[in-house]
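A quick write-up on the structure given underneath.
In the working numbering, the protein residues as written are 100 to 241.
Set out below in structure tokens:
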């Protein structure tokens with residue numbers, strides 16, 4: 100009979116304090132990847148419901164009865180959608196920057212400064228996201 104390895108309690112949530120920056124980078128990269136995949140499927144589902152524009156009928160667009168345009172304008176007018184767009188930007192920017200960091204590590208560049216580059220990608224993500232908030236929230240009514 101084989102011996103089982105005691106991994107501790109599953110409910111032991113105090114272990115996260117022991118994680119290094121590399122572990123947090125891995126967790127955030129996986130999380131943002133799954134978020135982007137979820138967004139992709141949601142995006143396709145929402146846009147596929149607006150099939151009126153696919154017909155190419157110019158009279159629908161001119162009359163304002165175009166389902167696609169109506170759907171997009173309705174979604175863009177919602178404050179929560181704008182906030183979610185800011186979140187999507189943050190997720191995408193971090194995933195891109197961390198992916199570039201991983202590429203550099205795989206190429207052997209910056210092996211000694213992995214922690215610093217992870218923190219730099221977090222700070223740069225925050226700067227880009229905060230700087231873009233006025234652009235995303237411009238024209239939305241609360």
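Every residue, glycine too, gets a C-beta built ideally from N, C-alpha and C.
Where residue 225 falls, given that 16 or more other Cβ within 10 Å makes a residue buried: Residue mapping note: residue 225 aligns to position 126 of the chain shown, counting from 1. Classification of residue 225: exposed, given that the 10 Å Cβ count is below 16.
7 Å Cβ shell around residue 135 - same chain, five flanking residues per side excluded: Mapped onto the chain shown, residue 135 falls at position 36. Here the set comprises 190, 191, 194.
For residue 118, the three-state DSSP class (helix, strand or coil): Translated into the one-based positions of the chain shown, residue 118 becomes position 19. Looking at residue 118 - three-state DSSP - the assignment turns out to be coil, as it is neither helix nor strand.
Which listed residue (182, 227, 228, 201) has its alpha carbon closest to that of residue 215: Here residue 215 refers to the residue found at position 116 when the chain shown is read from its first residue. Closest option to residue 215, Cα to Cα, is 201.
contact_flag[the region 142-149, the region 227-241] where n(CB pairs < 8 Å) is 3 or more: Taking a cut-off of 8 Å on C-beta distances, the region 142-149 does not touch the region 227-241, as fewer than three cross pairs fall below it.
N- and C-terminal bounds of the alpha helix (DSSP H) containing residue 192: Translated into positions along the chain shown, residue 192 becomes position 93. Segment 178-205, the alpha helix (DSSP H) holding residue 192.
N-terminal and C-terminal residue of the alpha helix (DSSP H) that residue 148 is part of: Here residue 148 refers to the residue found at position 49 of the chain shown. In this chain, residue 148 is not harboured by any alpha helix (DSSP H), its DSSP state being neither H nor E.
Reduced DSSP category for residue 209 - H, G, I as helix; E, B as strand; rest coil: Along the chain shown, read from residue 1 onward, the residue named residue 209 stands at position 110. Correct three-state label for residue 209: coil.
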